[in-house]
């Protein structure tokens, strides 16, 4: 299975997340407790990874599984980072509007590239850096609305706290991804064993959030396990299946590709979602959307194409002495 096939599948799944979530709504709201969805998605990923690990162990006796506590204790850290990131997201939305928040979210494209270089020591060419910046510009352009749809004065108008929280949110999102890639490539452990550890802690942290919500509300609606499936529909289960499958694909990319591929995949998914919304939800396409798509396509080509395809490299002529055949002269003694 090649990385580009996995990335394309991740793009399709990610682009359908927002659509499925919208379809799971009833009268503009949720009949179910939305906090239970990520918990069940983590449980789904844990169950699938456990089954795949069990099959791998049965078929291959040489499966590597590091059980040293010094290694295992590193796996809760991504869940902690995501937990902090979620709280920072809520804090950011108290200072900025939704449109500004979406535009500022594109900073994670650049911050991922920076942390990718600093922490994983992966070198990127100048063309690749330009491509990453172009990707951020393209996604931002596609999200900017015309002045006739929203006030131009309100675009990116926010107090300094909003910008600081937005930058912190982008850094935390990039840090979680880069750190996860570090964990997946730290050793030659089985991908499924690493997933089991990762999703075990993910399920624990999501369950802790449900328990905290119960205490905060004073158990007004009863304990979380009694209302776990209340209000669920087929669309809700599709959302859980989608989130779980996307997470498994992301872990595969982290193991065998890298964060930049994931960034491109999720960015393309955002554009694909906007295109599908034109047909499904009567979303009016804008000139900015078409410009953003063109810029992002240029970025993809610039990042992944070989350098000699992008730049006409001068052909250096070989020195004449390299073209001459060596002639061996045997000296005859008289």
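Residue numbers (our numbering): 3 to 336.
Even glycine gets a Cβ: it sits at the ideal position worked out from N, Cα and C.
All values reported here derive from a predicted model rather than from experimental measurement.
Residue i in three-state terms, based on DSSP
i	result
residue 28	strand
residue 151	In this prediction, residue 151 has a pLDDT of 47, which is less than 50 and means its spatial position is unreliable; nothing more can be read from the coordinates.
residue 197	helix
residue 90	helix
residue 290	helix
residue 222	coil
residue 98	coil
residue 59	helix
residue 65	coil
residue 234	coil
residue 247	helix
residue 41	helix
Neighbour-count burial assignment, residue i, 16 or more Cβ in a 10 Å radius
i	result
residue 280	exposed
residue 162	exposed
residue 307	exposed
residue 222	exposed
residue 33	exposed
residue 28	exposed
residue 9	buried
residue 261	buried
residue 74	exposed
Pairwise C-alpha distance: residue j and residue i
i	j	result
residue 271	residue 58	32 Å
residue 312	residue 129	9 Å
residue 61	residue 199	21 Å
residue 230	residue 38	6 Å
residue 219	residue 36	15 Å
residue 168	residue 134	19 Å
residue 273	residue 109	16 Å
residue 165	residue 64	50 Å
residue 276	residue 72	44 Å
residue 302	residue 225	47 Å
residue 294	residue 112	16 Å
residue 50	residue 246	9 Å
residue 227	residue 237	20 Å
Close-in-space but distant-in-sequence residues of the same chain around residue i (CB under 8 Å, 5 per side omitted)
i	result
residue 186	193, 196, 253, 256 and 257
Same chain only: Cβ atoms within 7 Å of residue i, ignoring 5 sequence neighbours per side
i	result
residue 282	21
residue 85	207
residue 240	22
residue 191	66, 67 and 68
residue 18	244
residue 204	44 and 81
Same chain, Cβ closer than 6 Å to residue i, five either side skipped, listed in chain order
i	result
residue 331	Residue placement at residue 331 is poorly supported in this model, since its pLDDT is 48, which falls under 50; the coordinates are not used for a value here.
residue 42	242
residue 213	none
residue 13	267, 270 and 271
residue 54	194
Within-9 Å CB hit, residue i to chain C
i	result
residue 269	Absent here is chain C; the protein component of the structure consists of one chain.
**Item:** Three or more C-beta pairs below 8 Å linking the region 137-146 and the region 79-93
**Value:** Touching, no.
**Message:** Across the region 110-119 and the region 176-186, are there enough close Cβ pairs to call them in contact, namely three or more that are closer than 8 Å?
**Reply:** Result yes; three or more Cβ-Cβ pairs closer than 8 Å.
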